[in-house]
Structures are given as C-alpha cells and as structure tokens.
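Colleague: First the structure, then my questions, so here it is.
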Amino acid sequence: MQAKKLRETEPFNRLMMEYRAAIMEVETRLKVLNEEFSQVYNRNPFESIKSRLKTPTSIYAKMAYKGYPVTVESIREHLTDVAGLRVICSFPDDIYRLADLLVKQDDFILLRKKDYISNPKDNGYRSLHLILSVPIFLSNEKKYMKAEVQFRTIAMDFWASLEHKLKYKKDVENTEEIERKLRACADSIEALDYQMQDIRDKIK
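According to our numbering, the stretch in the sequence shown is residues 1373 to 1576, in order.
Here it is, written out as structure tokens:
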C-alpha cells in the first residue's frame, strides 16, 4: 500500500523520469563507444546492454530496511541503484577497457567502483560495478543522477542469472553441496573466459 501511494505522487514520478533519462544517457555514451570501436578496430567491445528501473515496491522496501525516510529527497540521496544497467561483454579485458573509457567521459563522475572480477564474492559471483553520477539535460536545467553500471562477460552473466534463480527456490535440500558446485562452476567459467580471450589474441 505504501509503495502504491509512493507511485501515485507527482514528485516520485518525476524522479523516476529523471532516472530513466540517466539510463538513456549512459546507454547513448556506450553505443557511441561501440560505434567507434566497430569503425577503428573492426569489432565491438560489448554484446548487449540491459537496463532496468527499480520498482516502487523495491525502493520502498530498501529504504525501510535501511531506516531512511521514504521521500524523493531521501531516495535521491541514499540509493545508488534505482537506475541500473548491465553491459555484457565477450572478454574480460573488454570489461576493463570499456569501463575505463566510460569513467573518462569528462562529465561523468565515478562515485564508487567494486571489482568482483579480481576479488570475487565468496559464492563465486564476478562482475565489475560502477556507481556513476550522470548528467541529464532537461528543458530548463542540467542535473546529476546516480546510476549503477555492471559489466560482465556472457559467461559471468549466465552464472549470475542461474545462481539468482536457484537462490530463491523454496525447500532446496543439500544447499551446501549446491553452493560448493556453484563456486566450482564460477571458477571454471573464469578459466574459460581467459582461455577464449587468449584464443582471440592468438587469432589477432
């Protein structure tokens, strides 16, 4: 009910419009870089971009969990992942190259970087996360919005999607064995990513 009330307020809907604009801004910059790579290097640094806007229910739940007041100002200040993008690359070195080029955009501000590729989570999760402050250009003003950009290889994304589905299954037996196998799969995927990258380099 609280999330529904939030969704029905004009200030909240405007905030969501601004986060959508931030997503479009990041997508545009990435697509331009993709075009440049295609022209200069005859290949693309990423395979696809997925984006999502956090739902009012998720926003309310996260704010309540963290003990923050559920207001537009508080959401803007405290949440960094309302606007989210996931960039799927073919190879690990493309992740770092593309992330570095994105951060070097002179009007993007890097707020936080978490490298779960070099330092995977205990369960085997691998991804590079950037929290960016992104300019959006409205009819009467320019303002900065936060956006989270995650970079993964195709294999990392496959693993993360499968792990997420399994994590929320009910009444699963042998959870420790499953977690152990998932970690082993994550290690195998990492080895595969770098083997494929090595093959690509040899072909080049």
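Think of the CB as a built atom: it goes at the ideal place given N, C-alpha and C, for glycine as much as any other residue.
All values reported here derive from a predicted model rather than from experimental measurement.
Answer with buried or exposed for M1435, where buried requires no fewer than 16 other C-beta atoms within 10 angstroms of its C-beta.
Modeller: M1435 comes out buried.
Colleague: Where does S1446 land, buried or exposed, given buried means 16+ other C-beta within 10 angstroms?
Modeller: S1446 comes out exposed.
Colleague: Out of curiosity, what's the CA-to-CA distance linking N1385 and E1397?
Modeller: Cα to Cα, N1385 sits roughly 18 Å from E1397.
Colleague: For the beta strand (DSSP E) that K1426 lies in, which residues bound it at each end?
Modeller: Counting along the chain, K1426 falls outside any beta strand (DSSP E), and DSSP gives it neither H nor E.
Colleague: Determine the closest residue to L1482 out of Y1488, P1492 and P1507, with distance taken between C-alpha atoms.
Modeller: Nearest C-alpha to L1482: P1507.
Colleague: Look at the alpha carbon of D1487 and the alpha carbon of M1389, and state the distance between them as a whole number of angstroms.
Modeller: Computed Cα separation, rounded: 29 Å.
Colleague: Output the boundary residues of the beta strand (DSSP E) element that contains E1520.
Modeller: Here the beta strand (DSSP E) through E1520 covers K1514 to T1525.
Colleague: Thinking C-alpha only, which one of T1443, I1421, Y1432 and V1404 is nearest E1382?
Modeller: The residue with the shortest Cα to Cα distance from E1382 is T1443.
Colleague: Need the endpoints of the alpha helix (DSSP H) that L1510 sits in, please.
Modeller: First-last for L1510: undefined, no H or E at that position.
Colleague: Label S1560 either buried or exposed according to how many other C-beta atoms from any shown protein chain fall within 10 Å of its C-beta, with 16 as the threshold for buried.
Modeller: Exposed, by the Cβ-count rule.
Colleague: From the DSSP output, in three-state form, read off R1386 for me.
Modeller: Reduced to three states, the DSSP call for R1386 is helix.
Colleague: Can you give the beta carbon distance from E1520 to G1439, rounded, assuming they're within the 8 Å contact cut?
Modeller: About 21 Å; that fails the 8 Å criterion.
Colleague: Using the C-alpha atoms, what's the distance from E1548 back to V1404?
Modeller: Spanning the two alpha carbons is a distance of roughly 44 Å.
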